[in-house]
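Counting from 1, position 71 in the sequence shown corresponds to residue 71 in our numbering; the numbering is continuous, with no gaps.
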Amino acid sequence: VKKAGLVQISDPAVLLPIIHEVFAKNEQSVADYRGGKENAAKALVGQLMKATKGQANPTVAQKLLYQELDKD
1 VKKAGLVQIS
11 DPAVLLPIIH
21 EVFAKNEQSV
31 ADYRGGKENA
41 AKALVGQLMK
51 ATKGQANPTV
61 AQKLLYQELD
71 KD
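Pasting the structure below:
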């Protein structure tokens, strides 16, 4: 499974730095979400999946992403 690249990333310690990198590269989407545009988070989830080449566990990744968005 690992050789085929089918391993899902579920570890918050791995995902959180990637999430912060996505936020840094997409500051406008973060600002839009925090300004009330909920759809902006979908764009960030998409960027996270792109950054992990689709290997992030979608459920875990989305939960962590929303937690980080709602922190500030």
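Glycine included, C-beta positions come from ideal geometry on N, C-alpha and C.
Small disclaimer: the values here were computed from a predicted structure and weren't measured.
Same chain, Cβ closer than 7 Å to Ala40, five either side skipped, listed in chain order
Close CB contacts of Ala40 within its chain, under the 7 Å cut and outside five residues either way in sequence, are with Ser29, Asp32, Tyr33 (chain order).
Just mark Gln124 as buried or exposed, buried being the case when its beta carbon has 16 or more other beta carbons within 10 Å.
An answer regarding residue 124 cannot be provided, because it is not within the stretch 1 to 72 covered by the chain.
Please work out which residues of its chain come closer than 7 Å, Cβ to Cβ, to Ile19, disregarding the five sequence neighbours upstream and downstream, and give them in chain order.
Excluding sequence neighbours, Ile19 sits near Leu48, Leu64, Leu65, Glu68.
Buried or exposed by the 16-neighbour rule on C-beta atoms within 10 Å, applied to Ala61
buried
Write down the C-beta distance between Ala51 and Val22 rounded to the nearest angstrom, noting that I regard them as a contact closer than 8 Å.
6 Å
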